[in-house]
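These notes concern the structure reproduced below.
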Amino acid sequence: MLIRPKAGILDPQGEAVQRALPALGFAGVSNVHVGRLVELDVPDEAQLQPMCEKLLANPLVEDYEVQLLS
Amino acid sequence: MKFGVLQFPGSCDEVDALHAARRVGDAELIWHAERDLKGADAIVVPGGFSYGDYLRAGAIARFAPAMESVIAFARGGGLVLGICNGFQVLCEAHLLPGALLPNSNLRFTCRQVDLEVAHPDSAFTGACRSDEDGGEDPGRAPAPTILSIPAKHSWGRYYADEATLQALEANGQVILRYAPGENFNGSLRDIAGVRNEAGNVFGMMPHPEHAVDPLTGSTDGLCIFESMRLTVEGSTSQNKAGWSPKSKHTTATPGARGAG
Chain W
27 MLIRPKAGIL DPQGEAVQRA LPALGFAGVS NVHVGRLVEL DVPDEAQLQP MCEKLLANPL
87 VEDYEVQLLS
Chain P
173 MKFGVLQFPG SCDEVDALHA ARRVGDAELI WHAERDLKGA DAIVVPGGFS YGDYLRAGAI
233 ARFAPAMESV IAFARGGGLV LGICNGFQVL CEAHLLPGAL LPNSNLRFTC RQVDLEVAHP
293 DSAFTGACRS DEDGGEDPGR APAPTILSIP AKHSWGRYYA DEATLQALEA NGQVILRYAP
353 GENFNGSLRD IAGVRNEAGN VFGMMPHPEH AVDPLTGSTD GLCIFESMRL TVEGSTSQNK
413 AGWSPKSKHT TATPGARGAG
């Protein structure tokens, strides 16, 4: 599960990373956002969305995306 | 009047919350694994780092057995105060609107802040009126009551979407605001404390329980606890035949006392 701050909500962590990159010589970087990655094994894929809604993400302030690896 | 103070693994302000509550009434600790609210007339969800703040502050504490009882208690109209991490827990539990996000300065900040009491008539601020109300000039609006209370957190930036913010303002649910220049965490509309629509659940980021003794510089926090006492004792005395918080929650959680 990839969990990221919703667009338009202030993301001070992303901004701090974006400010740090030019100092290391990486010019022109924009739209930096920092989120979370949750990896897990589940018996049933249908569990994924409700577990994101209830616990892993806060849908009020975060978007999530489910990626199936196998 | 009895306060129940929750304690999660990682809570750290429950002792001060007990101390503050005992200045105005009785208080007892409720361990997170218990469902019995021990006959409390009001609940305090204290500050700290419940469950290590893993995932998001308050995200896991919301599902504690004690919180199931607190949610039922709140739905039945019982008074619930969330302080700092407790505020985060109440938002995660959807008992309060909005969310608390990392401070805009990305720092854990600990400092004394001035708070404006935006609604001195709420169940949690009824005893917070300042002495000066308008002065000699009857036409002048009364100066807002200012409370000096410490804040200490890294996830205190209050956020709600624009429609929610407008509804909060229209319903008078914004109870405390950071005074001008005091909003160090980037909270939208300087919101430091909000209540639910019904008015019986309230969360605030600063710590009234740390401001109840002259020894620590301010006693302004005491009025929050005193307001709750007035609300509870007023409501039980005026409401002899009907509802009281105590009977409500006893029905909701019959005798499920924990191991402690």
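Quick note, the sequences are listed as chains W and P, same order. What the first sequence shows, in our numbering, is residues 27 to 96, in sequence order. What the second sequence shows, in our numbering, is residues 173 to 432, in sequence order. Using N, Cα and C, we set each Cβ at its ideal position, and we do this for glycine too.
Rounded to the nearest whole angstrom, the C-alpha separation of W/G51 and P/S359 is 33 Å.
For secondary structure counted as the beta strand (DSSP E) over 3 or more consecutive residues, the region 327-351 of chain P holds these complete runs in sequence order: 329-331, 346-350.
The beta carbon of P/S399 sits closer than 8 Å to those of S294, A295, F296, T297, G298, A299, C300, all from its chain and outside the five residues before and after it, given in chain order. In the DSSP assignment, P/D188 falls within the alpha helix (DSSP H) that extends over 186-194. Within the region 209-256 of chain P, the runs of beta strand (DSSP E) that reach at least 3 residues and sit entirely inside it are, in chain order, 214-217, 251-255. Against chain P, a Cβ distance below 9 Å from W/A42 picks out L278.
In summary, P/S241 is buried, with 16 or more beta-carbon neighbours lying within 10 Å of its beta-carbon over all protein chains present.
Residue contact with chain W for P/F235: present (Cβ-Cβ distance below 9 Å to some residue of chain W). Counted as a single uninterrupted DSSP element, the alpha helix (DSSP H) harbouring W/Q39 occupies residues 38-46. Residue-level contact check: P/E264 touches chain W, since one or more beta carbons of chain W fall below 9 Å from its beta carbon. Beta-bridge annotation (DSSP): P/R367 is paired with P/F374. As DSSP reads the structure, P/P322 sits in a beta bridge with P/Q284. Beta bridge pairing from DSSP links W/P31 with W/E88.
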